[in-house]
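Participant:
Protein chains: 2
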Amino acid sequence: MKKTSVTIHDLARELNISASTVSRALNDNPRISQATKDKIRTLATKLGYQPNTIASNLRTQKTHTIGIVVPLINRYFFSTFISGVEDVAFEAGYNVIISQSKDLFDKENRVVHSLFSNRVDGIIVSVSMQTNKYDHFNLFANKNIPMVFFDRIAPDFKAHKILIDDFKCAHMATQHLIDQGCKRIAHLAGPTSLNTYRGRMNGYLDALKKNKLPVDEELVIYNRLTRVDGLTAIKQFLKLKNPPDAVLCGNDTSALSMIIYLREIGIRVPEDFCIVGFSNEPFSEVVTPAISTIRQPAFEMGQKAAELLIDEIEQKRIPENYQTIIMPSDLIIRESSSKKLYD
Amino acid sequence: MKKTSVTIHDLARELNISASTVSRALNDNPRISQATKDKIRTLATKLGYQPNTIASNLRTQKTHTIGIVVPLINRYFFSTFISGVEDVAFEAGYNVIISQSKDLFDKENRVVHSLFSNRVDGIIVSVSMQTNKYDHFNLFANKNIPMVFFDRIAPDFKAHKILIDDFKCAHMATQHLIDQGCKRIAHLAGPTSLNTYRGRMNGYLDALKKNKLPVDEELVIYNRLTRVDGLTAIKQFLKLKNPPDAVLCGNDTSALSMIIYLREIGIRVPEDFCIVGFSNEPFSEVVTPAISTIRQPAFEMGQKAAELLIDEIEQKRIPENYQTIIMPSDLIIRESSSKKLYD
DNA sequence: CTGAAAGCGCTAACAT
DNA sequence: ATGTTAGCGCTTTCAG
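Line order of the protein sequences matches chains U and F. Take the first sequence: its letters are residues 41 to 383, numbered as in the numbering used here. Take the second sequence: its letters are residues 41 to 383, numbered as in the numbering used here.
1. Closer than 8 Å is the cut-off here; do at least three beta carbon pairs connect the region 204-219 of chain F with the region 330-339 of chain F?
2. When you compare each of F:Pro70, F:Ala75, F:Thr82 and F:Asn67 to leucine 51 of chain F by their alpha carbons, which one comes out closest?
3. For alanine 75 of chain F, which residues from the same chain have a beta carbon less than 6 Å from its beta carbon, with the 5 sequence-adjacent residues on both sides left out?
4. For a cutoff of 8 Å on Cβ pairs, would you count proline 322 of chain F as touching chain U?
5. Just to make sure I have the definition right: I need the residues of chain U whose C-beta is within less than 7 Å of the C-beta of tyrosine 89 of chain F. Which are they?
6. Identify whether lysine 201 of chain U lies in helix, strand or coil by the three-state DSSP scheme.
7. Can you give the Cα-Cα distance for valine 287 of chain U and phenylalanine 118 of chain U, rounded to whole angstroms?
8. Going by beta-carbon coordinates alone, are glycine 270 of chain U and cysteine 289 of chain U separated by less than 8 Å?
9. State the start and end residues of the unbroken alpha helix (DSSP H) segment that holds arginine 99 of chain F.
10. Using DSSP bridges, identify the partner residues of alanine 229 of chain U.
11. Would you please verify whether the beta carbon of asparagine 291 of chain U is less than 8 Å from any beta carbon of chain F?
12. In whole angstroms, what is the alpha-carbon distance linking isoleucine 274 of chain U and asparagine 114 of chain U?
13. Quick one: any contact between the region 357-375 of chain U and the region 60-79 of chain F, if contact means 3 or more CB pairs under 8 Å?
14. Residues of chain F with a CB under 9 Å from the CB of phenylalanine 130 of chain U: which are they?
15. Considering only C-alpha positions, which residue in the set U:Ile106, U:Pro91, U:Glu54 and U:Ser157 is nearest to threonine 93 of chain F?
16. Mind pulling the alpha helix (DSSP H) runs of 4 or more residues that sit fully within the region 272-339 of chain F?
17. Tell me, to the nearest whole angstrom, how far the beta carbon of proline 186 of chain U is from that of leucine 349 of chain U; I am working on the premise that it is less than 8 Å.
18. Using a beta-carbon distance below 8 Å, is leucine 98 of chain U in contact with chain F?
19. CB-CB under 7 Å to aspartate 246 of chain F, same chain, minus the five flanking residues each way: which ones, in chain order?
20. Please report how far the alpha carbon of methionine 41 of chain U lies from the alpha carbon of threonine 105 of chain F, in whole angstroms.
21. In whole angstroms, give me the CA-to-CA distance for leucine 87 of chain U and serine 58 of chain U.
22. What does the alpha-carbon distance come out to for the pair glycine 107 of chain U and asparagine 320 of chain U?
23. Measuring only between beta-carbons, confirm whether asparagine 67 of chain U sits less than 8 Å from chain F.
24. What residues are listed by DSSP as bridge partners for serine 139 of chain F?
25. Along chain U, which residues have their Cβ under 9 Å away from the Cβ of tyrosine 116 of chain F?
26. Within the continuous beta strand (DSSP E) that includes glycine 162 of chain F, where are the two ends?
27. By DSSP, does isoleucine 57 of chain F sit in helix, in strand, or in coil?
28. Is glycine 342 of chain F near phenylalanine 121 of chain F, with beta carbons less than 8 Å apart?
29. In the DSSP assignment, find the alpha helix (DSSP H) that holds phenylalanine 190 of chain U and state where it starts and stops.
30. Do serine 166 of chain F and leucine 144 of chain F count as a contact pair if the criterion is CB distance below 8 Å?
31. Hey, serine 369 of chain U and proline 310 of chain U are a contact pair by Cβ (cut 8 Å); roughly how many whole angstroms apart?
32. Could you spell out the range, first to last residue, of the alpha helix (DSSP H) harbouring methionine 212 of chain F?
33. Please report whether the beta-carbon of leucine 296 of chain U lies at a distance below 8 Å from any beta-carbon of chain F.
34. Quick check on DSSP: helix, strand or coil for isoleucine 366 of chain U?
35. Considering only DSSP beta bridges, list what isoleucine 353 of chain F is partnered with.
36. Just to confirm, are valine 152 of chain F and isoleucine 137 of chain U a CB contact at a threshold of 8 Å?
Given below as structure tokens:
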């Protein structure tokens, strides 16, 4: 085992030239003649030279690395988003460091610091469910290190934002339930400190108002939208003296657990009760009844986020206007809300 | 905007001490008095000092970064595995760089080189579907940089391996189908250049032999196990003069597409036809009929991989014996193969 | 308990 | 077209 790697100095010594020439040649600098380039490259492969990116990073103050912070890596929406980021980043010569907040503010805070210390060239973030202050991002903001927020955004930063129109989607979904003949529509909401859940909530409320339907406080429950939370919520809804006949869920996971519970206790979906979810998780298509939901273009959002971030990194100057990009999304109507078919 | 960050030299100058003392203090070196440590730390937070990990990495020849190479980031098994790795790595002070091969050998080769150039302290790998040569890993092997392989492993390396017993699982699944009364059991296999699919195939064949059932070449199809591949395969199986009455699928995705197709054309599952999948994707539990499948402990495998890798990184010496860890896995019997209930 | 000095491997003025 | 030199920010012998 060699004690240490072969460096540009080793190549330089061997060829009786300077290290800078070697460096230039390997970076394809036009100031070096083709002949020397060839000579150097041949020797490099012969000796198995591999560039030390760390040294280059330190010197150039650029790491060609971008950091991603998401709540949970193994949620389909996020993993697909990450896949889109990796796709674009790799082709542009960037590495991707991932970290998950586990929906905990404290962990988010720590990973953001860690990414900063690792001098990533920029970060792409969807904040945790607990996050309601955003000081930790000043680390990046103060140094004008590019950030892109997606899905759950931190407000008030000079950064690109990639979103879907949660308000419109929830509005469409609610209108759809009304059109199907649902009379009392409930909503299972996530924390409204987050733009996404706030938007969904407001879209729901607005659709009710537009249709002159009463807004009943009992019909809105807030929680973290896990499978257990979905179960708790549906039980609570059904216990009301005047229970709902439909629920718009803040995500598919809670929608799924409601559907399973309703099936168990013999309430037919969609004949007796309608459900709409959010995010189009893979299972929502194949469960019986298939869950009506909102499609979010996760992969494309990831690609777009990476493009915007890398553009900002590479044109060092600060963009004059930061964009808020609303990605296309749509309501997928499936069995779980297709009540009319059974009337 | 500050032109450059605050460094240990800035702190040193301010306090009229040397940079080495500052460095030691910040690293909690016992040779520094508590008083100076306090003084330095106070100033550090006051000036918003953030350590430059890159510089430290260059100096110490350690990056505290591990690389992951998987076929596809947004497959549940892999994203959950990654989540497990991140969990352990973060707590141990390591970053995680992810890259996906997209099941392409060429991309795998490129990302492995890129991870090497970034001087990751070790890598965790599941190879691509196309991979059948393994020279690119010599980059790491030659320098004794730790590697851990999981799921789809590269043979013949001095490295820990984390697996499930594919042979046994496929054997159990096949036996289960036989016990349910299936007479002609087919197998949809992945490339047998990979240990996983080879093991599953052999387990299937062995179970047939043990039960003195004939092995019919027509009943085995090889492909890439996508949703389209599953569809192609089931159609092909059904076209045989003597078609099967069950399929053991190499993964859940192909099992799912078979189930959907069978439902469409009116063949009842499990009454007329049984299906077993592999990997316990989230959808397999909720589809109707729910898919019998093999549970792999993805998160725990990720944790274990990270532990083994970090252990090997930190005890610089080479382990005398590399482990092949067989993780527990089991057959989950669900509706798609519960034929006896209907007899 | 603290300081001086060297160097990790590379790049980029500034020379020639 | 190539060489010289300095330095990115940190750690770490060696000295005191």
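For every residue, glycine included, the Cβ atom is placed at its ideal position computed from N, Cα and C.
Facilitator: Let me lay it out:
1. Taking 8 Å as the limit for Cβ pairs, the verdict is that the region 330-339 of chain F does touch the region 204-219 of chain F.
2. Along the second sequence, read from residue 1 onward, the residue named residue 51 of chain F stands at position 11. With distances taken between Cα atoms, leucine 51 of chain F lies closest to F:Thr82.
3. Walking along the second sequence from the start, residue 75 of chain F turns up at place 35. Around alanine 75 of chain F: no qualifying Cβ.
4. Position 282 of the second sequence, counted from the first residue, corresponds to residue 322 of chain F. It does; some Cβ of chain U falls within 8 Å.
5. Here residue 89 of chain F corresponds to residue number 49 of the second sequence, with the count starting at 1. None at all; the shortest Cβ gap to chain U is about 10 Å.
6. Here residue 201 of chain U is taken as the residue at index 161 of the first sequence, counted from 1. Lysine 201 of chain U: strand per DSSP, three-state reduction.
7. The residue you call residue 287 of chain U lines up with position 247 of the first sequence. The residue you call residue 118 of chain U lines up with position 78 of the first sequence. Between valine 287 of chain U and phenylalanine 118 of chain U, the C-alpha separation is close to 24 Å.
8. Working through the first sequence from its first residue, we reach residue 270 of chain U at position 230. Working through the first sequence from its first residue, we reach residue 289 of chain U at position 249. Contact flag set, yes.
9. As a working note, residue 99 of chain F is residue 59 in the second sequence. 93-100 is the extent of the alpha helix (DSSP H) around arginine 99 of chain F.
10. Here residue 229 of chain U refers to the residue found at position 189 when the first sequence is read from its first residue. Looking at the DSSP assignment, alanine 229 of chain U forms a beta bridge with U:Tyr262.
11. Walking along the first sequence from the start, residue 291 of chain U turns up at place 251. It does not: the Cβ of asparagine 291 of chain U has no partner Cβ on chain F nearer than 8 Å.
12. On the first sequence, residue 274 of chain U is found 234 positions in, with the first residue counted as 1. On the first sequence, residue 114 of chain U is found 74 positions in, with the first residue counted as 1. Between isoleucine 274 of chain U and asparagine 114 of chain U, the C-alpha separation is close to 25 Å.
13. no
14. Along the first sequence, one-based indexing puts residue 130 of chain U at 90. Going along chain F in sequence order, the residues near phenylalanine 130 of chain U (Cβ under 9 Å) are Ser139, Gln140, Lys147, Arg150, Val151 and Ser154.
15. Start at 1 with the first residue of the second sequence, and residue 93 of chain F comes out as number 53. If we check each option's Cα against that of threonine 93 of chain F, U:Ser157 comes out closest.
16. 292-304 and 322-326
17. As a working mapping, residue 186 of chain U is identified with position 146 in the first sequence. As a working mapping, residue 349 of chain U is identified with position 309 in the first sequence. That belief holds up - the Cβ atoms of proline 186 of chain U and leucine 349 of chain U are roughly 6 Å apart, short of 8 Å.
18. Against the first sequence, residue 98 of chain U aligns to sequence position 58. True, the Cβ-Cβ gap to chain F drops below 8 Å.
19. Here residue 246 of chain F corresponds to residue number 206 of the second sequence, with the count starting at 1. If you ignore the 5 residues before and after aspartate 246 of chain F, its C-beta comes within less than 7 Å of the C-beta of His211, all in its own chain and listed in chain order.
20. Counting from one through the first sequence, the residue named residue 41 of chain U turns up at place 1. Counting from one through the second sequence, the residue named residue 105 of chain F turns up at place 65. The pLDDT assigned to methionine 41 of chain U is 32, lower than 50, so where the model puts this residue is not dependable; a value taken from the coordinates is nonetheless given after this. Each residue's alpha carbon lies about 22 Å from the other.
21. For this step, residue 87 of chain U is matched to residue 47 along the first sequence. For this step, residue 58 of chain U is matched to residue 18 along the first sequence. If you take the alpha carbons of leucine 87 of chain U and serine 58 of chain U, they lie about 17 Å apart.
22. Within the first sequence, residue 107 of chain U is the residue found at index 67, counting from 1. Within the first sequence, residue 320 of chain U is the residue found at index 280, counting from 1. Roughly 26 Å separates the two Cα atoms.
23. Working through the first sequence from its first residue, we reach residue 67 of chain U at position 27. So, not an interface residue.
24. Here residue 139 of chain F refers to the residue found at position 99 of the second sequence. Its beta-bridge partners are F:Val109.
25. Mapped onto the second sequence, residue 116 of chain F falls at position 76. Those within 9 Å of tyrosine 116 of chain F in chain U are Asn114, Tyr116, Ser119 and Pro322.
26. Here residue 162 of chain F refers to the residue found at position 122 when the second sequence is read from its first residue. 162-165 is the extent of the beta strand (DSSP E) around glycine 162 of chain F.
27. The count along the second sequence starts at 1 and reaches residue 57 of chain F at position 17. In the structure shown, isoleucine 57 of chain F sits in coil (DSSP, three-state: anything other than H, G, I, E or B).
28. As a working mapping, residue 342 of chain F is identified with position 302 in the second sequence. As a working mapping, residue 121 of chain F is identified with position 81 in the second sequence. Yes, they are a contact pair.
29. Within the first sequence, numbered from 1, the residue matching residue 190 of chain U stands at position 150. Following the DSSP letters along the chain, one finds phenylalanine 190 of chain U in no alpha helix (DSSP H) but inside the beta strand (DSSP E) bounded by residues 187-190.
30. Translated into positions along the second sequence, residue 144 of chain F becomes position 104. Translated into positions along the second sequence, residue 166 of chain F becomes position 126. Their beta carbons are not under 8 Å apart, which means leucine 144 of chain F does not touch serine 166 of chain F by this criterion.
31. The sequence position of residue 369 of chain U within the first sequence is 329, counting from 1. The sequence position of residue 310 of chain U within the first sequence is 270, counting from 1. That belief does not hold up - the Cβ atoms of serine 369 of chain U and proline 310 of chain U are roughly 22 Å apart, past 8 Å.
32. Locating residue 212 of chain F in the second sequence gives position 172, where the first residue counts as 1. For methionine 212 of chain F, the enclosing alpha helix (DSSP H) begins and ends at 206-219.
33. Position 256 of the first sequence, counting from 1, holds the residue named residue 296 of chain U. Yes, leucine 296 of chain U counts as interfacial toward chain F.
34. Along the first sequence, read from residue 1 onward, the residue named residue 366 of chain U stands at position 326. Here DSSP, grouped into helix, strand and coil, assigns isoleucine 366 of chain U to strand.
35. Counting from one through the second sequence, the residue named residue 353 of chain F turns up at place 313. In DSSP, isoleucine 353 of chain F forms no bridge with anything.
36. Translated into positions along the second sequence, residue 152 of chain F becomes position 112. Translated into positions along the first sequence, residue 137 of chain U becomes position 97. No. Outside cutoff.
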